[in-house]
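Here's the structure, in structure tokens; my notes come after.
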Amino acid sequence: MKKFITSIAAFLALIIVFYPVTLFVWGICISSGLRPNLNYPIGISGHQYSRLKEVKNIHSVDILFVGPSLAYRGFDPRIFEANGITSFNLGSSNQTPVQTKVLLKRYLRQINPKLIIYEVEPETFSVDGVESSLDIMANDKNDLNSIRMAVELNHIKVYNTLIYSLIRDALSLNSSFNEPMIKGEDKYVAGGFVEKEIRFYKKVSCPSKTWDFNENQLIAFKEVVNLIKHHGSELILVNAPITPSLYRSYMNSSIFDHLMSDNSKYYNFNEILPLNDSLHFYDAFHLNQNGVKLFDSKLIELLKENQALFIERLTTVEQH
Amino acid sequence: MDLISFEFLLFFIVLFLIYYFPLKNNTRTQNGLLLLGSYFFYGYANIKLLPLLIGATLLFYYLGIAINGVKSEKKSSLLTTVGVLLGVGILLYFKYLNFFIDSFADLLKFLGLNVQMHTLSILLPIGISFFTFRLISYVIEIHRSKMEPRKDFVAFATYIAFFPTILSGPIDRPNTFMPQLHKKRAFDYALAVDGCRQILWGMFKKLVMADNLAVYTDQVWGNIQGSSASTLLMAAIFYSFQLYTDFSGYSDMAIGTGKLLGFRITNNFNYPFFATNVADFWRRWHISLTSWLTDYVFMPLNIKFRNWGNGGIILAIIINMVLVGMWHGANWTFAVFGLYNGLLFVPLILSGSFFKKKKQKVNPYGLPSFIDLMKMAGTFMLITIGLVIFRAKNIEEAMNYFYRIFSSPLISMPVFVGMGRVLSTVILLSIFILIEWFVREKQYAIANIELKFKRPARWALYAFLIFLIGMYMRTVETPFIYFQF
Chain B
21 MKKFITSIAA FLALIIVFYP VTLFVWGICI SSGLRPNLNY PIGISGHQYS RLKEVKNIHS
81 VDILFVGPSL AYRGFDPRIF EANGITSFNL GSSNQTPVQT KVLLKRYLRQ INPKLIIYEV
141 EPETFSVDGV ESSLDIMAND KNDLNSIRMA VELNHIKVYN TLIYSLIRDA LSLNSSFNEP
201 MIKGEDKYVA GGFVEKEIRF YKKVSCPSKT WDFNENQLIA FKEVVNLIKH HGSELILVNA
261 PITPSLYRSY MNSSIFDHLM SDNSKYYNFN EILPLNDSLH FYDAFHLNQN GVKLFDSKLI
321 ELLKENQALF IERLTTVEQH
Chain G
-18 MDLISFEFLL FFIVLFLIYY FPLKNNTRTQ NGLLLLGSYF FYGYANIKLL PLLIGATLLF
42 YYLGIAINGV KSEKKSSLLT TVGVLLGVGI LLYFKYLNFF IDSFADLLKF LGLNVQMHTL
102 SILLPIGISF FTFRLISYVI EIHRSKMEPR KDFVAFATYI AFFPTILSGP IDRPNTFMPQ
162 LHKKRAFDYA LAVDGCRQIL WGMFKKLVMA DNLAVYTDQV WGNIQGSSAS TLLMAAIFYS
222 FQLYTDFSGY SDMAIGTGKL LGFRITNNFN YPFFATNVAD FWRRWHISLT SWLTDYVFMP
282 LNIKFRNWGN GGIILAIIIN MVLVGMWHGA NWTFAVFGLY NGLLFVPLIL SGSFFKKKKQ
342 KVNPYGLPSF IDLMKMAGTF MLITIGLVIF RAKNIEEAMN YFYRIFSSPL ISMPVFVGMG
402 RVLSTVILLS IFILIEWFVR EKQYAIANIE LKFKRPARWA LYAFLIFLIG MYMRTVETPF
462 IYFQF
């Protein structure tokens, strides 16, 4: 029996070395289609690599935007800048509360924003958050928060990608990686925004949908809210507009609205801002630049109306 | 409790440590622990199912003693018949009653009689097909004087409820398993390592092969109308491999777990897709079930019909195969699956090749001869046709599946959602088939590798298998197919 237990222990030790090494070799040599449980989407979507590179030089802004693609394609720092508000957009593709928590833990103290505008989308509260965690792991340096996120998600794909990312980080394999500022129709704008070439959406019918919220995401969301409160930043939750036809297909939006407004000041722009499917969107979810201008202007107007903490200060400075 | 779960791992580690440390010198208390563990394992899914298992075990325990106690052959036969009827009765009531009620109502409707019949709300106990077959074989073996009844209830109950095999087999016979319960079971290093290896191989089969194939078979079966002929054909082939790797994977894990506890459990598969005819296939597929039915159904029927020549053998085979099919569940698809397979035996019986076992010829590269390869491919396709019926929800669906295959051109590229993953699955499947071919003389693919490879090479192989599981396992939980039977 002693021999058996010793052998098992020795084999486990071997696995601890063998698995990461083989995983790394596999990740380098085998094409992504042939390694289903290892996905390393560096520089693949939403200019995530450029955004996370830029954020390292950002210190003290008025507003920090977080949330999924609706955030980094919806909040244009240039429009806020024109209104005397500094901002940075830390959105990421399909960012769920689990990823928001990681990014805030990593950058909140450094950025030290006065206000955080958190784009909350029902879908990001309904998914497991696996794919969006890979996006962050591949495009940023990993730390203890990445490990915590992997344990929280407890998914083989996340573990594999984490191990692979940590090895790449340790060997500095991404140091020479350069992401082009323009990719297809997307242009990265300093401050974390991604501008899409102007296009117009052709309306299609959307089947009705009822959201089933993921318990882990709700817990992570509470933690995000507490983290922001603890830091002392003001928090505003925003549900960015999607095409009215798609919004109407969501059957339990009111439940989501209640859930959000219980936690902080909350604006659902689908109810506030009347937009047109074809004129203001380039797909069912995302605003085109015409829509972005309307959305951001309305948001700034609401912030001023409601005298958000820093706006108050800003106005006082202007008066002096 | 699933054999591939954190709960099971925890349960097994605790049981294993108690079994070999405080209890290592006491076979009876080891059996007691196994029984408690088995009841916990069985009741974990649904505690309500436990009384039936315990009640049936008690009943058959006393029946076994009674059969042995009576002096006249007539009384012994009568008691054995009562035992068999009880076992079959339990199975019929819990598994088939509603099916018979429905079928009877359909028949009356067909005859123009409109009678209102209601089905009953019956909870189907998991593993019932496996433990009732063990109970039945126990009384038959005592009646045939092949074994003595067990005075030790704990040992008998452990045989019936043995946790690695209660949910999906193999169906061990009492005269091979029960003597092991009375032998001293000290820790055997070689056997335990062999068990770990077999568990690892079983996990690979289930998590990498079966679960990945399930993605495509589920996809196509969920959209038969929208799938092309070549896609349907490919999905049918995939399903044959899925069923094999799923079920044999479970069997490997069950046998491996048994080995860790010092038991040698009956082998359940012997590379069935290398069979060169249907009779050969059924000697290699779900061996513990087919041999059970051969011994207790086919052989007695064959003797009964011996004066009818080939007709008697054909009748016995067809009855036997329909029972093989129906054992899987209460659905006409299983009966037709059995009948279809029974009919496939007819040419073999008429040509006289039914009882002949031919050794396969291999070419200098170790590959099968062209003729054997064609025979294997032909047998595989015949079995695959049967498995389409087996997989279908009802006969109409199976017929629709065949109709769709033959009503449109077959020469086209199969289309699945997620084609990238299909490629890795097909590559893995091809490698898997090749490996199985070259190791077909062994109990499982990586058995006895200590005879050929030194420890570093062996460990590298195990580690690589674990890596492949981590890289290719499906991330959606997919239950074992045979749990439903």
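Heads up: the protein sequence lines correspond to chains B and G, in order. The first sequence: position 48 = 68 (the numbering used here), numbered continuously. The second sequence: position 23 = 4 (the numbering used here), numbered continuously. Ideal Cβ placement from N, Cα and C applies to all residues, glycine included. Keep in mind that this is a model prediction, so the values were computed, not measured.
In this structure, how does DSSP classify residue i when only helix, strand and coil are distinguished?
i: G:K52; result: coil
i: B:E215; result: strand
i: G:V471; result: Only positions -18 to 466 of chain G appear in the structure, and residue 471 of chain G is not among them; the question remains open.
i: B:I50; result: coil
i: B:Y60; result: coil
i: G:V96; result: coil
i: G:P349; result: strand
i: B:V209; result: strand
i: G:V65; result: helix
i: B:L123; result: helix
i: G:I(-15); result: coil
i: B:I202; result: strand
i: B:L191; result: coil
i: B:F301; result: strand
i: G:V343; result: strand
i: G:S470; result: Residue 470 of chain G cannot be examined here, being either before or after the span of chain G that is shown, -18 to 466.
i: G:F250; result: coil
i: G:Y119; result: helix
i: B:E141; result: coil
i: G:F111; result: helix
Output needed for residue i: all residues of its chain with C-beta closer than 8 Å, excluding positions within five of it in sequence on either side, in chain order.
i: G:T10; result: L4
i: G:V65; result: I117, V120, I121
CA-CA distance, residue i and residue j?
i: G:L31; j: G:P155; result: 21 Å
i: G:M362; j: G:L214; result: 10 Å
i: G:R436; j: B:T26; result: 14 Å
i: G:V343; j: G:L410; result: 22 Å
i: G:V174; j: B:S146; result: 44 Å
i: B:E151; j: B:Q119; result: 10 Å
i: B:L279; j: B:G87; result: 17 Å
i: G:L270; j: G:F318; result: 16 Å
i: B:D189; j: B:L72; result: 14 Å
i: G:F134; j: G:N95; result: 50 Å
i: G:W471; j: B:D232; result: Chain G is shown only over -18 to 466; residue 471 of chain G falls outside these bounds and no answer can be derived.
i: B:D206; j: B:L128; result: 27 Å
i: G:F383; j: G:A217; result: 10 Å
Here's a check: name, in chain order, each residue in its chain whose Cβ is nearer than 6 Å to the Cβ of residue i, leaving out the five neighbours to either side.
i: G:T56; result: The question names Thr, yet the displayed sequence has Lys at residue 56 of chain G. Taken in chain order, the list of residues that qualify is empty.
i: G:R455; result: D192, N193
i: G:W266; result: P253
i: B:H67; result: Y208, V214
i: G:L15; result: T139
i: B:F9; result: Within the shown structure, residues of chain B are numbered from 21 to 340, placing residue 9 of chain B beyond reach of any answer.
i: B:V122; result: N165, M169
Can you list, in chain order, the residues of its chain with a C-beta nearer than 7 Å to that of residue i? Leave out the 5 residues immediately preceding and following it.
i: B:I62; result: Y69, A158, N159, N194, F197
i: G:T468; result: Only positions -18 to 466 of chain G appear in the structure, and residue 468 of chain G is not among them; the question remains open.
i: G:Y1; result: F168
i: G:I152; result: F111, F114, R115, S269, L270, W273
What in chain D is Cβ-close to residue i, meaning under 8 Å?
i: G:S405; result: Absent from the structure is chain D; the protein chains it does hold are B and G.
Using the DSSP secondary-structure output, state which residues sit across from residue i in a beta bridge.
i: B:Y287; result: B:V258
i: B:L84; result: B:F108, B:I136
i: B:Y270; result: B:K229
i: B:L307; result: B:F301
State buried or exposed for residue i, treating a residue as buried only when at least 16 other CB atoms are found within 10 Å of its CB.
i: B:Q115; result: buried
i: B:T181; result: buried
i: G:I268; result: buried
i: G:E458; result: exposed
i: B:F108; result: buried
i: B:V337; result: Annotation note: pLDDT 48 at B:V337 (below 50); position unreliable, no value reported.
i: G:L(-4); result: buried
i: B:H300; result: buried
i: B:H340; result: At B:H340 the pLDDT is 48, less than 50, meaning the model places this residue with poor confidence; the figure from the coordinates comes in the next sentence. With fewer than 16 other Cβ atoms within 10 Å, it is exposed.
i: B:C49; result: exposed
i: B:Y39; result: buried
At a cut-off of 6 Å, would you count residue i as near the ligand FAD, judging by its Cβ distance to the nearest heavy atom?
i: G:G150; result: Absence of the ligand FAD from the depicted structure is noted, as is the absence of any ligand whatsoever, leaving it without description.
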